[in-house]
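Accompanying notes for the structure given below.
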Ligand code: ASP
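In the working numbering, the protein residues as written are 53 to 413.
If you want it as structure tokens, here you go:
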């Protein structure tokens, strides 16, 4: 599995070619020379590679004086509202029962407050609902039916998020799924050592998410940082499955003394490694954003031990991309395998650049 946008993934030849490419790859040691983004200072908005419109919007809002938390949430709403992006909000790919369930979290650096929703149905702007949890409640995370009732009580509009296009893709998966689902049989479990285990031949799951972080970095000491991650999660997931995106410290984390971090890709791997929190703590101890992301990519690779998740050369057969924004405006990203990208907007404009892969192609 790798982090492709869902449309490309559905059209892609399958996971075997990716596994073969990974088998030929070599790990890239964290380089001593900081990546280009590590040298940047000043206001900055960073997002996953599908977020160029988000960083443009959020950066403009921050320059106009908005709180970064409002700016990043407005930025990702552009992608949540876009039915052509099958990874978030309206048009997101559904769970195995054909129901779109959204996850999102947001964190405000100055107050160190977070809000999140998980398994939210029928409301497209999960990030805005998460921000409402942050601003209007004493809680951090509201899930399922409670999250929907909460959103509707604040005037969010209920709608069917499953577009005809996403339904078509889901119907195709359902008709062909065979063993390609999230349920592990005895052969797929590492907990059944007496049995012959077999890797899944191909895994027709797709991931997709938008993470976005912003700093106003007007003057280093006074800079404020916030971040958001929003997703429809893993396609064809077991109903109620919650990924890393709404988990504070996994798919998103902010410490206003240090910066922000986020992740996209296989959420289970990010959760069990506390990805966002780990990146921020590594930056606190002196690593640059790029170095911290690469170190956590390495940690994820080292801790992936289930055979069904490893390719022939023992490397993860999925991708995760990691993003970091330091409060002074330095930024960086890394991924397990090539293919991850990040969008960044600074005073010089916005662009999309590759994340540094741990395993080069
Ligand atoms: N991390 C998300 C999840 O596991 C999906 C993704 O980023 O593509 O739910």
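Note that CB positions come from ideal geometry on N, CA and C, so glycine has one too.
Computed from a predicted structure; not experimentally measured.
Asked	Found
Give me the Cα-Cα distance between residue 88 and residue 381, rounded to the nearest whole angstrom.	12 Å
Would residue 311 be called buried (16 or more neighbouring beta carbons within 10 Å of its own) or exposed?	buried
Is residue 340 close to the ligand ASP? I mean its beta-carbon at under 6 Å from any heavy atom of the ligand.	no
Inspect the CB distances between the region 323-339 and the region 166-179 and report whether three or more fall short of 8 Å.	no
What are the start and end residues of the alpha helix (DSSP H) that includes residue 275?	Per DSSP, residue 275 belongs to no alpha helix (DSSP H) and is neither H nor E.
Quick check: what's the CA-CA separation for residue 395 versus residue 180?	21 Å
Look at the alpha carbon of residue 413 and the alpha carbon of residue 198, and state the distance between them as a whole number of angstroms.	45 Å
Excluding sequence positions up to five away, which residues of its chain have a Cβ less than 8 Å from the Cβ of residue 102?	57, 131, 137, 139, 260, 262, 395
According to DSSP, what are the bridge partners of residue 414?	Since the displayed the chain opens at 53 and closes at 413, residue 414 lies outside it and no answer follows.
Considering only the alpha carbon of each residue, which of 330, 354, 364 lies closest to residue 376?	330
Within this structure, are the beta carbons of residue 276 and residue 162 separated by less than 7 Å?	yes
I need the straight-line Cα distance from residue 77 to residue 411, nearest angstrom please.	With a pLDDT of 39 at residue 77, under the threshold of 50, the modelled position of this residue cannot be trusted; read the value that follows with caution. So the alpha carbons of these two residues sit roughly 6 Å apart.
Would you mind working out which of 404, 383, 398 sits nearest residue 392, comparing C-alpha positions?	404
For residue 155 versus residue 283, is the C-beta distance shorter than 7 Å?	yes
Just confirm the distance between the C-beta atoms of residue 347 and residue 339, as a whole number of angstroms; I'd bet it's less than 8 Å.	6 Å
Counting C-beta neighbours from all protein chains within 10 Å, is the total for residue 85 16 or more, i.e. buried, or is it exposed?	Low local confidence applies: a pLDDT of 45 at residue 85 is under 50, so the model's placement there is unreliable, and no value is given.
Quick one: grab the DSSP three-state call for residue 292.	coil
Could you give the first and the last residue of the continuous beta strand (DSSP E) run that contains residue 194?	193-195
Hey, out of 219, 220, 158, 178, whose CA is closest to residue 201's CA?	178
Do residue 205 and the ligand ASP come close, with the Cβ less than 6 Å from some heavy atom?	no
At which residues does the beta strand (DSSP E) containing residue 314 begin and terminate?	311-317
Let me check understanding here. Comparing Cα to Cα, which of 207, 204, 167, 196 lies closest to residue 188?	167
So, are the CB atoms of residue 176 and residue 223 less than 7 Å apart?	no
Heavy atom of the ligand ASP less than 6 Å from the Cβ of residue 283, yes or no?	yes
Tell me where the beta strand (DSSP E) around residue 155 begins and ends.	154-160
Could you spell out the range, first to last residue, of the alpha helix (DSSP H) harbouring residue 348?	341-354
Assuming residue 385 contacts residue 373 (C-beta within less than 8 Å), just tell me the rounded distance between them.	6 Å
Name the two residues that bound the continuous beta strand (DSSP E) containing residue 328.	Not the beta strand (DSSP E): residue 328 falls in the alpha helix (DSSP H), residues 327-336.
Would you kindly work out how many angstroms separate the C-alpha atoms of residue 123 and residue 186, rounded to a whole number?	15 Å
Going by beta carbon distance, what residues of the same chain come within less than 8 Å of residue 334, once the five residues before and after it are set aside?	343, 344, 347, 348
Classify residue 409 as helix, strand or coil using the three-state DSSP reduction.	strand
Figure out for me which residue from 398, 297, 408 has the closest Cα to the Cα of residue 108.	398
Is residue 145 helix, strand or coil when you go by DSSP?	coil
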